[in-house]
Amino acid sequence: MELKSALEQLGLLQKKLYAYQTASSSLYLDSVTVAPKDTSEGRGVALGILAGESQKLMTAPETGELLAFLADQKENLSFVEQRQVEELKRSYDRLSRIPADEYMDYAMLTNEASDVWHRAKETSDFALFAPVLEKLAAEYKGKIVVYKIDTDKEPEFAGYYDSSKKPYDALLDEYERGADMAFLDTFFETVRERLVPLIHAIGEKPQIDDSFLHLHYPAEVQRKFSDYLMEVMELDRGHCTIGETEHPFTLEFNNKDVRITTNYKEDNVVDSMYSVIHEGGHAKYELGIRDDLQYTCLTGGVSMGVHESQSRFYENIIGRSLPFVKAIFPKMQEFFPEQLKHVTAEQMHCAVNKVQPSLIRTEADELTYSLHVMVRYEIEKQLIDGSLEVKDIPEVWNRLYKEYLGIDVPDDRRGCLQDSHWSGGSFGYFPSYALGSAYGAQMLCNMEKDFPVWEEVRAGKLTGVSAWLKEKVHQYGSLLTPGEIVKNACGDFDPTVYTDYLTEKYNKLYDL
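Its first residue numbered 15, the sequence shown is counted upward by one per residue in our numbering.
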């Protein structure tokens, strides 16, 4: 095999994989936005075949031979080509261990689970979702031969990923390479020790009045306000559009085609406001990835934690700052003149930063947010190691919310059915939300050393902020490892930078 021919085959392989992913993503986008409710069966068939064909292509003997040849030619490859081979080889090794029929069945199962989850949430009926969740969890529960020597069961998906790791560590590594329970236990312990006393202290202070946020805000006007926010974020509408769905998300096809979604609540204007800014942060990341990485395995964000650092940076660090609120508030009053006619920018700033333990993760304030993540982290650990049965999730969920946040959970819809992640098999994903917040706080410290961040934000401009993040994070896609990206933008990771940021901000806000 000649090197030139092998590189051409490498490029064609990646474009074919991109095509399968694009088709699957298009079906998913349709399913959660405009598709009729009872249409999952046909999509399930299509998604199963697409997943099977993609796996067949990725695990074909000729693919293995191609990657092995190119690995031997490492000295003659560019750095980008080397990284492509490394990442594809990692995927090849993992997928080769998963039987094709199991892979197709799993794609069909997640499609079914998404449909069931939507119906279960609508009716607040966890029992409806429990059977399909049991099937999903069974793919990952501690059934790894290497790890559990005494088991007679075959390895399930977590074992296929990395049988040398505990099941949940293998899953965590899929979303944040290098993260494991030991690292996260230490991280969450730091967060718990430093933030819980602060939250309790704030609970003793007079509460901020945010009642004006819960007046009637017509959805049609909120949609126009969302368009304005996308303009402020400098999101090119020729390459990024916005839709509506139950659970907001961002879906990228390439750096010229990114879709964000939101959900409008007419009695809570900031719900959609900050979901647009949050998803817009994800979009900025995808739109900022280098052109030469497109249609390869190196496009897309490098990890869930780094991706969340971008969305939560824009949402919280920038979007909930006083300079940003002051900059956009006059325009916000134009959209909602009656609702905000007696409100000042300072009052709005206090309102959007109000600390109040709540039921819904996506509506949580910046300070208590990580506690929502800890609930899910604790449940996932127990679910995957087999110490928690699916049927007991509501009871454990409700107990942890009482313990961590001091609130009672009234029903499943606002409890353990609120997130879509488990229906997609995304176990190990949730910790990335908290890690992303911590990464973002440390990025701010470094950004402030390079240019006057807040002068620009005060003027209603985010050009410098976005340029800095593109230079340090966005442009690389998955060319660098998660650890290298974090090092590049944060330096040595230190969770106390995050807790110090929150302590300083909320001490000032609540005059502690």
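Glycine included, every Cβ here is placed at the ideal spot set by N, Cα and C.
Here P445 is near L198, since their CB atoms are less than 8 Å apart. Assignment of beta strand (DSSP E) within the region 225 to 273, counting only whole runs of 3 or more residues, yields 254 to 258, 264 to 268 in chain order.
Inter-segment contact for the region 269 to 278 and the region 143 to 155 is absent: fewer than three beta-carbon pairs are separated by less than 8 Å. One thing to note: L312 has its Cβ within 8 Å of the Cβ of Q98.
By the Cβ-count criterion, M72 is buried, with 16 or more other Cβ atoms from all chains shown falling within 10 Å of its own Cβ. By the criterion of a C-beta distance shorter than 6 Å, N268 is surrounded in its chain by Q308, once the five residues flanking it on both sides are discounted. Nearest C-alpha to S325 among A448, D306, E462, F143: A448. Taking the C-beta atoms as reference points, A134 is found no nearer than 8 Å to V404. At a Cβ-Cβ threshold of 8 Å, D183 and M195 count as neighbours. Closest in alpha carbon position to K484, among T200, I303, N521, is I303. Using a Cβ distance threshold of 8 Å, A20 and L80 count as a contacting pair. Per DSSP, F202 is one residue of the alpha helix (DSSP H) stretching across 195 to 217. E409 has its alpha-carbon roughly 43 Å from the corresponding atom of Y490. Distance between K368 and A341, taken at the CA atoms: about 19 Å. Partner residues in the beta bridge of T276, as assigned by DSSP, are E258. When C-alpha distances from H261 are compared across Y391, E377, A37, the shortest belongs to E377.
A residue is called buried once 16 or more other Cβ atoms fall within 10 Å of its Cβ, and K179 is buried on that count. Annotation for L493: V94, R97, L307, L312 place their beta carbon closer than 7 Å to its own, counting only its chain and skipping 5 residues before and after.
Straight-line spacing of the CA atoms in K463 and V471 works out to 15 Å. Rounded to whole angstroms, the gap between the alpha carbons of A481 and C459 is 16 Å. By the Cβ criterion, the region 387 to 397 is in contact with the region 406 to 422, since at least three pairs of Cβ atoms, one from each stretch, lie closer than 8 Å.
Note on the region 366 to 451: whole alpha helix (DSSP H) runs with a minimum of 4 residues are 383 to 399, 407 to 419, in chain order. Judged by their CB atoms, H488 and Y328 are not nearer to each other than the 8 Å cut-off.
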